[in-house]
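Participant: Have a look at this one before I ask anything.
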Amino acid sequence: MPEGPEIRRAADRISKKIVGKEVHSVNLIYPPIVEFQEILQQSQIESITTRGKAMLTRFDCGLSMYSHNQLYGRWTVNRRSTEMKWNRSLRVEFLTNKFAVRLWSATDVEIIPTSKEESHPFIAKLGPDILDDSCTPSLIYDRLKSKKFYNRNASSLMLDQSFIAGIGNYLRSEILHQSGIHPSAKPRSLSDDKIQSWAETTKFLSELSYDTGGFTVSEKVALAGKQRGEPKRAYRHSAFCRNDLPCHYCGTEIVRIRVANRRLDFCPECQDLCEN
Ligand SMILES: [Zn+2]
């Protein structure tokens, strides 16, 4: 599933083509939103923003399109002349003179009043957005130390969108590995230094992934992995999809476990529960 950084990059890419540009056609193909076709066709797109893994496309008529890609939704940006040949269902299409911006397959698409965005059931539950400037390491530190969260397992906390919005499966493995936190550790049992490092790594890796298009290691580390013949899914991370490969820090094999049916890759040496 795309995580916060991927959705934010998609929003940036789409914004460049349709925000403040002349959009000739807005086509709402997805049945639950078809009724808004006419009003949105007559409106301009003011901004596109993200909240966690959700995207909000705001129109100047006071309406917003809320979309969440879940596992299968996909945005594409193409020249209008490019023919799209694939087996997905088209949901929404924006056409300018030159470009076609399309949303495919997503089923979580709604039109809501812009003024009511914050009370949308998904958005209302979200914690601070990891990519927002206001979400600083010190804010994350305070949340880790708060009564609401300090007794939770690290592995479940990292995916809880009400704790921090925008972190998903690969970032979870990466953040825990690079801050040396065992998946079962609870903030309440960790030292302040450890929590500080966890908070800083959470922010740093999310921004790094946004800046680099999904890399959570330095260019040098990624290149070395590539030269060893590792696949991209492995060399761009330090733990995730590196199961059975040696840990960059200590050489121990990275181990894959499943938590709540989602994969989690970690180093049993660097992320030793006893030492936390
Ligand atoms: Zn290690």
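Note that the working numbering has the sequence shown beginning at 14, numbered continuously upward.
Think of the CB as a built atom: it goes at the ideal place given N, C-alpha and C, for glycine as much as any other residue.
Here the structure is a predicted model, which means the values were calculated and not measured.
Measure the alpha-carbon distance for G138 versus S132 and round it to whole angstroms.
Facilitator: The amino acid at residue 138 is misidentified as Gly; the sequence shows Lys. Taking the straight line joining both Cα atoms gives about 9 Å.
Participant: Within 7 Å: the Cβ of Y262 and any heavy atom of ligand 1?
Facilitator: Correct: Y262 has its Cβ closer than 7 Å to ligand 1.
Participant: Any heavy atom of ligand 1 closer than 7 Å to the CB of E282?
Facilitator: Checking every heavy atom of ligand 1 against the Cβ of E282, one is found closer than 7 Å.
Participant: Our contact map puts H250 next to T229 with C-beta atoms below 8 Å; I'd like the distance itself, whole angstroms only.
Facilitator: Indeed, because the Cβ distance is near 5 Å, the residues count as touching under 8 Å.
Participant: To the nearest angstrom, how far is it from the Cα of E123 to the Cα of R241?
Facilitator: Distance between the alpha carbons of E123 and R241 is about 46 Å.
Participant: If you follow the alpha helix (DSSP H) that Y248 is in, where does it begin and where does it stop?
Facilitator: 245-248 is the extent of the alpha helix (DSSP H) around Y248.
Participant: Assign S192 to buried or exposed, taking buried as 16 or more other Cβ atoms, counted over all protein chains shown, within 10 Å of its Cβ.
Facilitator: When all chains shown are included, S192 counts as buried.
Participant: Quick check: the region 149-157 against the region 70-81, are at least 3 beta-carbon pairs closer than 8 Å?
Facilitator: Flag = no, the region 70-81 and the region 149-157 do not touch.
Participant: So is the beta-carbon of D214 under 7 Å away from any non-hydrogen atom of ligand 1?
Facilitator: Looking at the sequence provided, one finds Thr at residue 214 rather than Asp. Not so, every heavy atom of ligand 1 lies at least 7 Å from the Cβ.
Participant: Who are the Cβ neighbours of S222 in its own chain at under 7 Å, not counting the five residues just before and after it?
Facilitator: Excluding residues within five positions, the ones whose Cβ falls inside 7 Å are P18, L184, F228, T229.
Participant: V90 bridges to which residues according to DSSP?
Facilitator: V114, per the DSSP bridge assignment.
Participant: Ligand 1 and T265: does the residue's C-beta get closer than 7 Å to at least one heavy atom of that ligand?
Facilitator: Indeed, a heavy atom of ligand 1 lies less than 7 Å from the Cβ.
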